[in-house]
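Inspection log for the structure reproduced underneath, given as structure tokens.
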Amino acid sequence: MRGTYGRELVKLANEARYTFLNALFSVSEAVMYMQMVDRMDQGLLPAQVVPNTYDALWQLVSKAEIIQEPAAYAELDPDMARTLLDQKQAGKTLLLITNSDYQCTDAMMSYCYDRFLPQGMRWRDLFDMVVVQARKPDFWAHAMPLYEVVTPDGLMRPAMDAARVGLHCGGSATMVEKALGVAGDDILYVGDHIYTDAALAKINFRWRTALIVRELDSASHLASAACWAAGRPHRPMLEQDGKDFSERWGYLSRAGLNDKSCLMRQIEKCADIYTSRVSNFLQYTPYMYFSVTKG
Numbered sequence: 003m004r005g006t007y008g009r010e011l012v013k014l015a016n017e018a019r020y021t022f023l024n025a026l027f028s029v030s031e032a033v034m035y036m037q038m039v040d041r042m043d044q045g046l047l048p049a050q051v052v053p054n055t056y057d058a059l060w061q062l063v064s065k066a067e068i069i070q071e072p073a074a075y076a077e078l079d080p081d082m083a084r085t086l087l088d089q090k091q092a093g094k095t096l097l098l099i100t101n102s103d104y105q106c107t108d109a110m111m112s113y114c115y116d117r118f119l120p121q122g123m124r125w126r127d128l129f130d131m132v133v134v135q136a137r138k139p140d141f142w143a144h145a146m147p148l149y150e151v152v153t154p155d156g157l158m159r160p161a162m163d164a165a166r167v168g169l170h171c172g173g174s175a176t177m178v179e180k181a182l183g184v185a186g187d188d189i190l191y192v193g194d195h196i197y198t199d200a201a202l203a204k205i206n207f208r209w210r211t212a213l214i215v216r217e218l219d220s221a222s223h224l225a226s227a228a229c230w231a232a233g234r235p236h237r238p239m240l241e242q243d244g245k246d247f248s249e250r251w252g253y254l255s256r257a258g259l260n261d262k263s264c265l266m267r268q269i270e271k272c273a274d275i276y277t278s279r280v281s282n283f284l285q286y287t288p289y290m291y292f293s294v295t296k297g
């Protein structure tokens, strides 16, 4: 890799051969792509299949399989339900906007949330408005057909406008603002993809954005200042510090000693706040106002 590309100047704006890997979704896509290239080199896969990584991925793991065995694909977090319930009880209007269809959404949300909610309460009771099959990123730019989900098994009927309290399919962010009677920075949008979620919500609608960066759970992205404390044994501390980041990629938020990583620059540009998971908000009052302190 270093010998081939070490001195090559890459202009990303003009290079269709390169793509950004900006989220955990991209990691799975990249791994799948590399596995298929290996199989193609071994003569086990037709060459024309390789570019279409998403189709190949869903051939291996279908939504039906995920619904049948959610424990294999979903990580339970008891504090997630408590966090949303805390916000709900504080008078906040909660929305769920997802690209998944109703059956998949209901099955996965039931598995992840219902067991941690008060007796007789379901995940649907947490949210005033639910939008399934939102088709992000088109959800931010186009007014797509809107439907109302009217039966537990997902039967739908056409709708002219989104309701403030309801279960919808499709539509657009403009319809959401109209239904809620609010716009811009009155809305905090929480998502886990820099472009599909945070960037477009901020650029197109000026919504406040909170980016979920799950990688922060498994990596310490800040260098340990204690490594350089005077009078301390440096070698063991440096060795420990070296375990806190990827040996191949380094720290998540730093490039070298003083520069920010590409990931951190993207986060600063697109997100008002970032954290490893939504349940971290449970540590604060639901009326907490988060702001950046620059010194």
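Residue numbers for the sequence shown follow my numbering, so the first one is 3 and each next one is one higher.
Cβ atoms here follow ideal geometry from the backbone N, Cα and C, with glycine treated the same way.
Buried or exposed by the 16-neighbour rule on C-beta atoms within 10 Å, applied to A18: exposed
Q121 vs G172 beta-carbon contact at 8 Å: No, Cβ-Cβ distance for Q121 and G172 is not below 8 Å.
Contacting residues, own chain, Cβ-Cβ under 6 Å from V132 (five flanking each side not counted): L98 and L169
Short Cβ contact (8 Å threshold) for C272 with I189: Going by C-beta atoms, C272 is not nearer than 8 Å to I189.
Touching by the beta-carbon criterion (3+ pairs, under 8 Å), the region 81-88 and the region 109-126: yes
The region 34-44 touching the region 72-82, judged by at least three CB pairs closer than 8 Å: no
Extent of the continuous beta strand (DSSP E) to which I99 belongs: L97 to I99
Same chain only: Cβ atoms within 7 Å of K204, ignoring 5 sequence neighbours per side: T211 and C272
In DSSP terms, what P160 is bridged to: Y149
Supposed contact pair V152 and M158 - C-beta distance, whole angstroms, cut 8 Å: 7 Å
W142 versus T107 - alpha carbon distance: 20 Å
Distance between beta carbons of W209 and D187, contact taken as under 8 Å: 7 Å
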